[in-house]
Structures are given as C-alpha cells and as structure tokens.
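Here is the structure we will look at, set down as structure tokens.
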Amino acid sequence: MQLITALLVVASVAEAHYTFPALVAGGTSTNKWEYVRKTTNYQSNGPVPDVTSEQMRCYQLEPGNEGAKTMTVKAGDTVGFTAESSISHPGVLQFYMAKVPSGETADSWDGSGSVWFKIFSQGPDISPSGLTWPSQGASQVTTKIPSCIASGDYLLRVEHIALHSASAAGGAQPYVSCAQLTVTGGGSTTPSDLVSFPGAYKPTDPGLMINIYYPIPTSYTPPGPEVFTC
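Okay, here's the thing in structure tokens:
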C-alpha cells in the first residue's frame, strides 16, 4: 500500500509539471523533439533547478542537437511550442532568440554567450482581487518572429517561470526548451540588449522572488531585458 501511495504521489507531481516538446510552425505542431532539443525533464516534467545553472539556457538532456532538425520559417511568421500536458502553474511566459554566429549552424551551436534577445513577454493581468496569468492552462504558446531581423540560423527559446512558490529566493520554477530555426526573408536590424543564459537572471530578481498571492501585488516586473521590437 505504501509503495502504491508513493507512486501515486510521484505521478501527481509529474502531471502538475510540464514540458515544451514540439515546435509549432505554419499553423501546425511538429512531432515531439523533432525540431526541439530534448530537455532534461522529458520524463520527469520537472523545472530547471537553478536559474544560475547551465540548464537555464536550453535545459538540454545532452550537449549538441540531440538529433533535432532545423525548421525553415519566414521573418514575421508565428512560431511557438506545444505544452505537455498543459501549463499547470501561474507564471510569466517569455520567448528569446539568438542568432547563430558565422561558421556554425543551428544544429551545431550551443547558444553560449551574450547572444539572446527577448521577443515576447506575457505577465499577469492585475486586479484588486488578484493576479491572473493568461498562459496558465495553455496547451500551446506562440509568438511572432520579428520581421526586421537578419536572415540566418537561430535558436528559439521558450521559458515559462512558475511563481506559485516564489515567495523566497529559489522558489521560482522555470520550464525551458529550445528549437532550431532558419529564418528567411529577414531585414537588416541587429537586436541590442543581449543577455546570456546563465547570467541573465538572479534568484532574487523581483520577477522571480515574489509572493503572487498576498499581499496582492500592484505591479509585476518580468526578469530579463526589455522586449526587442523592430
């Protein structure tokens, strides 16, 4: 009986967590881990344990592309990720991109260095009765590739940071995945305000250490840089 109870507890914890296993492009979802590098939590569904760890970049199970392919999309296209089973916690949703340097490709580059620019950030809706988070319950999350960025290979990074236990440092729970893209039809704008992962966040950042329940916050500042716009 104790073994059965323990297994049920483990199963319920896994169900409460989530992954971002498949790329969404062209209005359809691809196969799991087809264009997304397999994450450490592909079985456990658990969060990145520390925002200052190397896992915060792409949460990869192993170095390299792990067999992921590269999807060709156009600048300005809508892209995203599936969330499995769904985003079950309240928290902030953000997307970043990083341009692959000359001499490398999306399937060979590790995304290191101050190369990441934020393209989307979705915090809470705030009212006197509390915070509501638009991403909570979503089974798919999307954003648009900036139409002005240069053509070339990129990594696309999604993060959802659950904040239900974030009243103390280290309580935030990030869920992260990276997909491999080739962007065509781009412009000539070079994004600024670049950050690195790890390095962009600290456990005590206001957007990561916050009691989202009481007293009810009157504002929210997401972690990381401002969103890049064309």
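For the sequence shown, this note's numbering begins at 87 and goes up steadily by one. The beta carbon of each residue, even a glycine, is placed where N, CA and C say it ideally should be.
Between the alpha carbons of P277 and H175 lies a distance of about 31 Å.
Taking a 10 Å sphere around the C-beta of E312, we find fewer than 16 other C-beta atoms and assign the residue as exposed.
By the Cβ criterion, the region 229-240 is not in contact with the region 282-292, since fewer than three pairs of Cβ atoms, one from each stretch, lie closer than 8 Å.
Listed in chain order, the non-local C-beta contacts of I173 below 7 Å within the same chain comprise Y104, S221, Q222, G223, A224, H246, local neighbours out to five positions each way being set aside. Nearest in C-alpha terms to A265, of all of E120, D136, S130, T275, is E120.
In the structure shown, the three-state DSSP call for Q146 is strand.
Bounds of any beta strand (DSSP E) do not take in G273, whose DSSP letter is neither H nor E. Excluding its 5 nearest sequence neighbours in each direction, T138 has C-beta neighbours in its own chain below 6 Å: P284, listed in chain order.
Annotation: K204 to P149 spans about 23 Å, alpha carbon to alpha carbon.
At the C-beta level, R243 and C316 stay beyond 9 Å of one another.
Rounded to whole angstroms, the Cβ separation of K124 and L109 is 13 Å, and the two are not in contact under 8 Å. For T228, the uninterrupted beta strand (DSSP E) run begins and ends at 226-230, by DSSP. DSSP assignment within the region 186-215 yields the following whole beta strand (DSSP E) runs of 3 residues or more, N-terminal first: 202-208, 211-213. S282 and D211 have their C-alpha atoms some 28 Å from each other. S253 has no beta-bridge partner at all, per DSSP.
Taking a C-beta distance under 9 Å as the contact criterion, V159 and A111 qualify as a contact pair.
As computed with DSSP, D239 is found in a beta bridge with T268. Note on D163: 16 or more other CB atoms within 10 angstroms of its CB, so buried under the neighbour-count rule. Taken through DSSP and simplified to helix, strand or coil, Q129 comes out as coil.
Where V110 is concerned, the enclosing beta strand (DSSP E) starts and stops at 109-111. Apart from the 5 residues on each side of it in sequence, N297 sits with its Cβ closer than 6 Å to the Cβ of S253 in its chain, given in chain order.
Assigned with DSSP and collapsed to three states, A286 falls in coil, not helix or strand.
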